[in-house]
Amino acid sequence: MLSTMDRFKNNLAKQLYGMTKNEAINKGICIDCKELAKPKCHTDAGNKEYLISGLCEECYDAMFE
0 MLSTMDRFKN NLAKQLYGMT KNEAINKGIC IDCKELAKPK CHTDAGNKEY
50 LISGLCEECY DAMFE
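Structure follows, in structure tokens:
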């Protein structure tokens, strides 16, 4: 059973991106650009961040520049 916070995060992700982080990771795509994530994760930190946020490294870097 999901916590209230997890339900909130999933609902917000669905509204913003059309899918949850886990749905994106299960498909191997970035939650933002919807492209395959692994080719767009260039460092160990980028690969780790993908598992945390569902964002490929390129989208994460662009979002937080």
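Okay, so the sequence shown: first residue is 0 according to numbering that gives the first Met the number 0, each after it adds one.
Positions of the beta carbon are idealized from the N, C-alpha and C atoms, including for glycine.
Can you find the residues in the same chain that come closer than 6 Å, C-beta to C-beta, to Asn9, ignoring five residues on each side of it along the sequence?
Within the same chain, Asn9 has close Cβ partners Thr19.
Between which two residues does the alpha helix (DSSP H) carrying Ile51 extend?
For Ile51, the uninterrupted alpha helix (DSSP H) segment begins and ends at 43-52.
Cα-Cα separation, Thr42 to Phe63:
The straight-line gap from Cα to Cα measures roughly 16 Å.
Is it the case that the Cβ atoms of Leu50 and Asp31 are separated by a distance below 9 Å?
9 Å or more divides the Cβ of Leu50 from the Cβ of Asp31.
Counterpart residues of Leu28 in DSSP-defined beta bridges:
Before going on, a small fix: residue 28 reads as Ile here, not Leu. DSSP, once it has assigned bridges, lists Leu35 as partnering Ile28.
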